[in-house]
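**Q** Questions regarding the structure given below will be posed in turn.
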Amino acid sequence: MADPGKTRADSHTIMSELVLPNDTNGLGNLMGGRLLHWMDVCAAISAQRHAGTVCVTASVDTVEFHSPILQSEIVILTSWVNRAFRTSMEIEIQVEAENPRTGTCRIANKAFYTFVAMGADGKPTPVPPIEPASEEEQAAWDEAGRRRQFRLLNAGRLDASDIENLQEYLGTIKGSS
Ligand SMILES: CC(C)(COP(=O)(O)OP(=O)(O)OC[C@H]1O[C@@H](n2cnc3c(N)ncnc32)[C@H](O)[C@@H]1OP(=O)(O)O)[C@@H](O)C(=O)NCCC(=O)NCCS
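Rendered as structure tokens:
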């Protein structure tokens with residue numbers, strides 16, 4: 002029988018953290034490494050909610066830090082599974098910074114993580130598919146497939162000659178990041 006799919010909502014995860022002095026650099030801004038750790042934890046929860054088993058980080062796409070997050074701000078991390086492949090999943094994570102005095106939020110960054118589900122034997126194990134529930138989720142599902150090709154190309158797991166219309170494809174990736 003076919004594996005019943007899951008929706009994005011099944012893996013939706015929200016995590017909040019308060020930026021304390023020990024999380025900051027000499028300028029009083031949140032250290033990038035601390036943020037990456039929180040992002041990894043949040044993404045792992047999404048992956049495990051989807052897969053129903055322990056999952057490991059296989060790769061992280063480029064993360065850019067556009068706007069500093071300050072001490073005493075609240076970091077709100079939101080993640081979900083965009084698409085599941087055989088044993089791996091693409092997790093999208095968005096990071097917002099909330100000013101505790103005004104309550105205003107701003108987008109700090111976003112990233113895509115790839116997690117792999119691990120079986121009891123310590124080897125990658127199949128995960129259920131994602132069933133997109135809206136046009137937006139379908140678009141994210143499609144884009145996840147394109148990003149996966151780029152990742153596997155970078156990891157040396159796919160040859161450039163395996164990607165049809167590579168130039169057009171690179172343009173699509175640039176437009177969707
Ligand atoms: C990730 C890991 C499980 C892959 O193991 P592997 O023996 O290469 O297994 P496979 O070749 O069967 O690949 C498993 C899946 O990982 C995906 N994958 C592997 N490397 C990848 C990469 N760099 N980027 C994206 N996906 C990757 C494969 O495409 C495959 O996905 P699919 O089944 O959906 O098609 C293994 O490399 C590992 O355990 N890495 C360490 C993970 C870890 O400890 N993370 C924390 C960092 S300290």
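Position in the sequence shown counted from 1, then plus 1, gives you this note's numbering. Glycine included, every Cβ here is placed at the ideal spot set by N, Cα and C.
1. Where do the ends of the beta strand (DSSP E) carrying residue 60 lie?
2. Mind listing, in chain order, the residues whose beta carbon lies closer than 5 Å to a non-hydrogen atom of ligand 1?
3. Applying the criterion that 16 or more other CB atoms from any shown protein chain within 10 Å of the CB defines a buried residue, is residue 57 buried or exposed?
4. Find out if the Cβ-Cβ distance for the pair residue 82, residue 94 is shorter than 8 Å.
5. CB residue 50 to CB residue 14, shorter than 8 Å?
6. Would you check if the distance between the CB atom of residue 41 and the CB atom of residue 129 is smaller than 8 Å?
7. If you scan the region 108 to 169 from start to end, which runs of the alpha helix (DSSP H) of 4 or more residues do you find wholly inside it?
8. Taking the alpha-carbon of residue 68 as reference, which of 60, 84, 32 has the nearest alpha-carbon?
**A** In this structure, then:
1. In the sequence shown, counting from the first residue as 1, residue 60 sits at position 59. Its beta strand (DSSP E) spans residues 56 to 61.
2. 57, 58, 59, 60, 86, 87, 88, 89, 115, 117, 125, 152, 156
3. In the sequence shown, residue 57 corresponds to position 56, counting from 1. Its Cβ having fewer than 16 others within 10 Å, residue 57 is exposed.
4. In the sequence shown, counting from the first residue as 1, residue 82 sits at position 81. In the sequence shown, counting from the first residue as 1, residue 94 sits at position 93. Their beta carbons are not under 8 Å apart, which means residue 82 does not touch residue 94 by this criterion.
5. Indexing the sequence shown from 1 puts residue 50 at position 49. Indexing the sequence shown from 1 puts residue 14 at position 13. It is a contact, given that the beta carbons lie within the stated cut-off.
6. Walking along the sequence shown from the start, residue 41 turns up at place 40. Walking along the sequence shown from the start, residue 129 turns up at place 128. No, Cβ-Cβ distance for residue 41 and residue 129 is not below 8 Å.
7. Listed in chain order, they are 136 to 155.
8. Position 67 of the sequence shown, counted from the start, is the residue given in the question as residue 68. The candidate whose alpha carbon is nearest that of residue 68 is 32.
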